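Structure first, then comments.
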DNA sequence: AACCAATGTATCAATTTGGTACAATGGTAC
DNA sequence: GTACCATTGTACCAAATTGATACATTGGTT
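Residue numbers (our numbering), protein chains in the order written: chain A, 1 to 273; chain B, 1001 to 1273.
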């Protein structure tokens, strides 16, 4: 069990460990063949999950260090930037086709601390010269993803030994400007909280009103009145009640709900809260 | 007077022509010294102005062609990406410190049509080899700017002979994916229409309620009820009435308004409409 | 002086929201 | 079984917001 400020949760499985080795090989290959990547541009993914009434973010830790970072990567010359982001996401979670959205490009001149960069390279046993492609200046394009916490299989890449969930409110220190990137991702997520996109991607197929409200509260960072939330959600007409009831702990059993199939047009501008 | 689908307006002045020559020199210099730019990344600016109750966008036309494009440029290794965007904006408008915000990065593999790229290079008398830095793959980071239409001085760069305003609803065909970029800029602008950021940057110091409403309607793409708009705007408490009245054409003279000085904190999430 | 269209304001119904009350319920304790 | 209880679903009311219409004001035209 990985612990970090009490926030991490170990999702690594045997299956993940197998993938880990595969990707490690692939990664070493990349370093030799940097010509295949678009120079100066990297991608970083803020992968959100929801569990225990908390927003989680997927992080990797570089091998032989205690340095945490967002899962990231580079763009092959032959692929679209969005495809690259999808590939990176899939490599870390083993999930295909999940909700993924670009939210901002980070271009500060000094955003990558070169001494940290070197420390990482040395720790993973790569001596890189000062004109190595990786030590050149990069801008990074941020994507956030919304994934089903239980379905994702966190999988380290060749430069990391851990890939795991961390609670958003107890993140370890992150390398470079990654803390800023997470913050911005959350901001953009709030800005786009409307319509059902958020819930239907962060929650399992069916869920209780309580879980849905807790998700909203977590993202918005404020408490909502239970009864009014209930009313509002039902009035939007995007939920349907699953007729089976819940059976678990004490007290009254809540209904389960699921999101209705959506028409393609998005009500992107409608405000919910 | 530049005409294009009836939408263009010629803002070029004698002052602008002087700047034009200066920048042309600067640009030629750049082409030789491509080492000074960050590879693979360009910037394109969607510069919005408001005039005649219409949203305008600043465009450039490449020399000896009829090809229109967004004003753009590259990032010096020594400058932040945001600074580069500011510099590009200033070069085309002679305006400093205007409202400028990054909105999206465009990374499709084939987003730049190489045959068009070559045609432009030839037209401005540059023969570029297929491995010239400019013919490599680029992602472009989009920024939108909100400027006072009357204060901007549209100024072509070295590769263009015209820099001018075009009505958003009568744009000429644009090169590459620039039409998509404009569309996305508008979308993001709508998403962020809240608080007074928009108005205070697209309108002159003082303005009538009618002008403000017209701006909102243009950006949102829908009609609003005059009386309710009036009420809402006043209730937000962000306007102050300038005691002088208006004196112009026929009928009753409207009050003039201006935006109050804003506290630094932004009410970014508050919905207005 | 009569008129007119644009402007500022008032008003009212419909809707939405914030907040409280209360009945229903599925389990626990005894 | 019965009393109890925290949680859930729903009802309800007052306050605030919004949609829509009416109307008084006014600067200039004819």
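From the three backbone atoms N, C-alpha and C, an ideal C-beta is built for every residue, glycine too.
Only a predicted model underlies this, so the values are computations on that prediction, with no experimental measurement involved.
Output the distance between the C-alpha atoms of residue i and residue j, rounded to the nearest integer angstrom.
i: residue 1043 of chain B; j: residue 1063 of chain B; result: 20 Å
i: residue 1046 of chain B; j: residue 119 of chain A; result: 40 Å
i: residue 1222 of chain B; j: residue 1214 of chain B; result: 10 Å
i: residue 253 of chain A; j: residue 239 of chain A; result: 18 Å
i: residue 1102 of chain B; j: residue 112 of chain A; result: 20 Å
i: residue 1143 of chain B; j: residue 1055 of chain B; result: 16 Å
i: residue 218 of chain A; j: residue 1217 of chain B; result: 34 Å
i: residue 1193 of chain B; j: residue 1176 of chain B; result: 28 Å
i: residue 209 of chain A; j: residue 191 of chain A; result: 22 Å
i: residue 1065 of chain B; j: residue 1123 of chain B; result: 7 Å
i: residue 114 of chain A; j: residue 1114 of chain B; result: 35 Å
i: residue 98 of chain A; j: residue 1160 of chain B; result: 43 Å
i: residue 1136 of chain B; j: residue 199 of chain A; result: 40 Å
i: residue 100 of chain A; j: residue 1189 of chain B; result: 21 Å
i: residue 1173 of chain B; j: residue 1183 of chain B; result: 13 Å
i: residue 36 of chain A; j: residue 126 of chain A; result: 19 Å
i: residue 275 of chain A; j: residue 53 of chain A; result: Past the boundaries of the shown model lies residue 275 of chain A; chain A is included only from 1 to 273, so the question cannot be answered.
i: residue 1261 of chain B; j: residue 228 of chain A; result: 35 Å
i: residue 232 of chain A; j: residue 207 of chain A; result: 16 Å
i: residue 116 of chain A; j: residue 86 of chain A; result: 27 Å
i: residue 1178 of chain B; j: residue 1071 of chain B; result: 10 Å
i: residue 129 of chain A; j: residue 1129 of chain B; result: 30 Å
i: residue 1220 of chain B; j: residue 1051 of chain B; result: 16 Å
i: residue 21 of chain A; j: residue 187 of chain A; result: Note that residue 21 of chain A scores 40 on pLDDT, short of 50, meaning its location in the model is unreliable; the coordinates nonetheless yield the value given after this. So the alpha carbons of these two residues sit roughly 35 Å apart.
i: residue 1168 of chain B; j: residue 1121 of chain B; result: 27 Å
i: residue 224 of chain A; j: residue 1224 of chain B; result: 31 Å
Can you say whether residue i is buried or exposed, counting buried as having 16 or more other CB atoms within 10 angstroms of its CB?
i: residue 40 of chain A; result: buried
i: residue 1096 of chain B; result: exposed
i: residue 237 of chain A; result: exposed
i: residue 170 of chain A; result: exposed
i: residue 1256 of chain B; result: buried
i: residue 157 of chain A; result: buried
i: residue 1091 of chain B; result: buried
i: residue 1234 of chain B; result: exposed
i: residue 1251 of chain B; result: exposed
i: residue 131 of chain A; result: exposed
i: residue 154 of chain A; result: buried
i: residue 211 of chain A; result: buried
i: residue 1082 of chain B; result: buried
i: residue 268 of chain A; result: Any answer about residue 268 of chain A is weak, because its pLDDT of 38 lies below 50 and its placement is not dependable; what the coordinates show is given next. Its Cβ having fewer than 16 others within 10 Å, residue 268 of chain A is exposed.
Since residue i sits in a beta bridge, which residues does DSSP pair it with?
i: residue 1139 of chain B; result: B:1041
i: residue 106 of chain A; result: A:140
i: residue 1054 of chain B; result: B:1051
i: residue 1133 of chain B; result: None; residue 1133 of chain B has no bridge partner.
i: residue 958 of chain B; result: Lying before the first or after the last residue shown, residue 958 of chain B is absent from chain B, which here runs from 1001 to 1273.
i: residue 242 of chain A; result: A:256
i: residue 101 of chain A; result: A:144
i: residue 1061 of chain B; result: B:1068 and B:1162
i: residue 276 of chain A; result: Within the shown structure, residues of chain A are numbered from 1 to 273, placing residue 276 of chain A beyond reach of any answer.
i: residue 237 of chain A; result: DSSP, once it has assigned bridges, lists no residue as partnering residue 237 of chain A.
Taking C-beta to C-beta, are residue i and residue j nearer than 7 Å?
i: residue 80 of chain A; j: residue 1226 of chain B; result: no
i: residue 1180 of chain B; j: residue 105 of chain A; result: no
i: residue 163 of chain A; j: residue 60 of chain A; result: yes
i: residue 1202 of chain B; j: residue 1146 of chain B; result: yes
i: residue 1093 of chain B; j: residue 1152 of chain B; result: yes
i: residue 75 of chain A; j: residue 84 of chain A; result: yes
i: residue 1149 of chain B; j: residue 1049 of chain B; result: yes
i: residue 1205 of chain B; j: residue 1241 of chain B; result: no
i: residue 1073 of chain B; j: residue 1088 of chain B; result: yes
i: residue 1067 of chain B; j: residue 1038 of chain B; result: no
Does the Cβ of residue i lie closer than 6 Å to at least one heavy atom of the ligand ZN?
i: residue 1143 of chain B; result: Only the bare structure without any ligand can be found here, which leaves the ligand ZN out of the picture.
**Q.** Secondary structure, beta strand (DSSP E): runs of 3+ residues fully inside the segment 140 to 222 of chain A
**A.** DSSP runs (the beta strand (DSSP E)) wholly in the segment 140 to 222 of chain A: 160 to 167.
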